[in-house]
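Visitor:
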Amino acid sequence: MKEKPRTKDPDSPVLQRPETTETIEATAPVNNELLTHKDAMMHLIKSTIGGGFLAMPEAFHNAGILIGSLGTLLLGLCVLDTMIFIVKTSQALRSGKYASAYFAEQREKNQDGNGEVDGDNIPPPKKFRSNELILPPIDYPETVHGVFLRGARGYFAGSALTIKLLTTIVLVATYYGVNTIYVCIVSNTFKQLVDGFTNDPSTWYAPLYGISINWYPLIVSIFIIPMGMVRSLKHLSQFSQTANGCMLAGTAAIFYFIFFGEVTNPLKPEEQAKWIVWPIERWSLFSGSALCSLEGIGMLLHVENQMAQPLELATYPAFTLHKTMILIVLLNGIFGLCGYVRFGDTSQGSISLNLPVGEPIAEGVKAVIGVGILLTYGLQLNVTADLVWKGIFKKLVIRIGKIDSIQAERFYPVMRILLILGTIIIASIVPDIGPLISLVGSVGFSFLGVLLPASMDMVWNWYPEDHYEEYEEPDPENDNKITIAIDENITRAQVRTYRRFFRIMKLIKNTILFILGIFALIGGAYYNLTDIIAQSASEGTPSPTSA
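Per full-length UniProt numbering, the sequence shown starts with residue 1, numbered consecutively.
#1: For residue 428 versus residue 217, is the C-beta spacing smaller than 7 angstroms?
#2: With 16 as the cutoff for other CB atoms within 10 Å, does residue 528 come out buried or exposed?
#3: Checking the sheet assignment: what are the DSSP bridge partners for residue 307?
#4: Measure the CB-CB distance between residue 272 and residue 344 and report whether it falls below 7 angstroms.
#5: Quick one: using the 10 Å Cβ neighbour count with 16 as the cut-off for buried, is residue 357 buried or exposed?
#6: Considering only residues of the segment 404-478, which uninterrupted alpha helix (DSSP H) runs meet the minimum length of 4 residues and lie entirely inside it, listed in chain order?
#7: Could you give the DSSP three-state label for residue 281: helix, strand or coil?
#8: Which one of 304, 352, 239 has the shortest CA to CA distance from residue 133?
#9: Give a yes or no on whether the C-beta atoms belonging to residue 431 and residue 184 are separated by under 7 angstroms.
#10: Near residue 84, what residues of its chain come up, given a Cβ to Cβ distance below 6 angstroms and the 5 sequence neighbours on each side ignored?
#11: Expressed to the nearest angstrom, what Euclidean distance is found between the alpha-carbon atoms of residue 379 and residue 497?
#12: Can you tell me whether DSSP reads residue 341 as helix, strand or coil?
#13: Evaluate contact between the segment 89-96 and the segment 357-373, counting only Cβ atoms and requiring at least three cross-stretch pairs below 8 angstroms.
#14: Taking the alpha-carbon of residue 495 as reference, which of 465, 508, 436 has the nearest alpha-carbon?
#15: Measuring CA to CA, which of 195, 328, 293, 142 is closest to residue 41?
#16: With burial defined as no fewer than 16 other Cβ atoms inside 10 Å of the residue's Cβ, what is the status of residue 458: buried or exposed?
#17: Under a three-way DSSP split, which group does residue 220 fall into?
#18: Are the segment 245-260 and the segment 143-156 in contact at 8 angstroms, needing three or more beta carbon pairs?
#19: Give the range of the alpha helix (DSSP H) segment to which residue 519 is assigned.
#20: Return helix, strand or coil for residue 510, following the three-state DSSP convention.
#21: Compute the Euclidean distance between the alpha carbons of residue 350 and residue 159, then round it to the nearest angstrom.
#22: Would residue 119 be called buried (16 or more neighbouring beta carbons within 10 Å of its own) or exposed?
#23: Between the C-alpha atoms of residue 43 and residue 387, what's the straight-line distance to the nearest angstrom?
#24: Using three-state DSSP, classify residue 141 as helix, strand or coil.
#25: With burial defined as no fewer than 16 other Cβ atoms inside 10 Å of the residue's Cβ, what is the status of residue 222: buried or exposed?
#26: Can you tell me which of 209, 193, 192 puts its alpha carbon nearest to the alpha carbon of residue 200?
#27: Residue 408: buried (16+ other C-beta within 10 angstroms of its C-beta) or exposed?
#28: With 16 as the cutoff for other CB atoms within 10 Å, does residue 58 come out buried or exposed?
#29: Just tell me which of 505, 39, 310, 339 has its CA closest to the CA of residue 233.
#30: Do you know whose CA, among 375, 370, 416, lies nearest residue 392's CA?
#31: Quick one: using the 10 Å Cβ neighbour count with 16 as the cut-off for buried, is residue 265 buried or exposed?
#32: DSSP three-state call for residue 62: helix, strand or coil?
#33: Would you call the CB atoms of residue 288 and residue 524 closer than 7 angstroms?
#34: Please state whether DSSP places residue 261 in a helix, a strand or coil.
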């Protein structure tokens, strides 16, 4: 289906107050090149196959073989379902009757002298009953705002702005945590490489051996800062492809060590892989780490908004999102299972750190994986940077009004480098990867990717009949029947029965998502914070979950 060309309409389709053209300029892509399906798939894969992926064996360590395998599949299905809902809802808010409602609000404001509507920009009436994207792209917080504003016939509209603000804060904090995890992985990898080559006390570089891990984030900042300053998604797609190649090569090499590597330190019986790990509270740690690897909620709409054919991301004929999630779930499940079977309870926060120290091939694999993680840093930082910049831009240009958009752009590199330095400082303070990954997944991704979408789904489908109007037309020959878009004739009673069944299934599904989300959030947050505090308070103090 041919889409309407993108316009520079300055207003968001879901906001009660229109923004100005400067806001659109602030959040617009650096260039006008749109992403292909391949580019979108590369970005989505790389946004998930990173730090959390390397921690999947440790995630299985907290659940066991059986629960870990089933849990990965279940969480993958939940993530796919919520992502599809978010994409389709975001697109619905930009098309059809919701765009019509938006223009109607603008007309009312114009009549009251509080708003303006350019009649030339209003599409013809037939557009409002199509799936074409009439209004400009919106991000995840704006989609959340639109759902609570428009869903349930406006019943929750009063809380829409508050929930949008909360979503923005959690999204920024979560993806900032992801970037911090990437710095930790690169730092730990670099430390192992340095220690492996400087362990000979007779050499002049022997003093480099044993430098505290807390200093390594500062050392690797010479690589982190340039990567973090790349802004364009189109340029970052080249880095994503290279990073995917590095991760693929590194993963293949890790599989070699898992199946054929020489066992120099055999596992003790108590360290070997278990079918089920107890107590059940530890499963929440698995959920947090797995969600951190499977979720790409922050990049999802960021990528969709810059696709040449965004309508095909979550539907036919491309089904790009479905194909991507199948690959992600399979890779995570197989990698976590095999890594845990090989390394058992000795699995570290990044499985690359389990490879032999001082062996040339193993050191090369660590370097390749470190490069793959490094090349993804800028892509993940875009989520945080765009949201932070949008808030700063509004204050600098719209509210203060002392500078124009061109002058404001000079502040963007300063903001971005401050964000980069922040991740380096945090990684220096909390260099341990495992608890940090699980904490980010437990708190951030369980809220953004499970609890919030489940709440949105219930609000959006509060009155299921509200979302069927564009698919139904009256049958002029029989007043008791309607014609469905797929050319089937069914009675109204059958339609009502289907809607009732649809609502019940939605309620059951969202209840399950709520239980999973609360379990991961509360349990994961408690155990991971306990772990981090214990390790910070005293080196050598055993983790409360290490037994």
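We put the CB at the ideal spot given by N, CA and C, even for glycine.
All values derive from a computational prediction rather than experimental measurement.
Guide: Looking at the atomic coordinates:
#1: yes
#2: buried
#3: 35
#4: Closer than 7 angstroms, so yes.
#5: exposed
#6: The segment 404-478 contains these whole alpha helix (DSSP H) runs: 405-408, 412-429, 433-439, 452-460.
#7: helix
#8: 304
#9: In this structure, residue 184 lies closer than 7 angstroms to residue 431 by Cβ.
#10: 314
#11: Using only the alpha carbons, I get a separation of about 46 angstroms.
#12: Note: residue 341 maps to helix in three-state DSSP.
#13: no
#14: 465
#15: 328
#16: buried
#17: coil
#18: no
#19: Looking at the DSSP string, residue 519 is not in any alpha helix (DSSP H), and its letter there is neither H nor E.
#20: helix
#21: 40 angstroms
#22: With a pLDDT of only 47 at residue 119, under the threshold of 50, the placement of this residue in the model should not be trusted, and no figure is reported.
#23: Residue 43 and residue 387 have their C-alpha atoms some 18 angstroms from each other.
#24: helix
#25: exposed
#26: Among 209, 193, 192, the Cα nearest to that of residue 200 belongs to 209.
#27: buried
#28: buried
#29: 39
#30: 416
#31: Per the 10 Å Cβ criterion, exposed.
#32: coil
#33: yes
#34: coil
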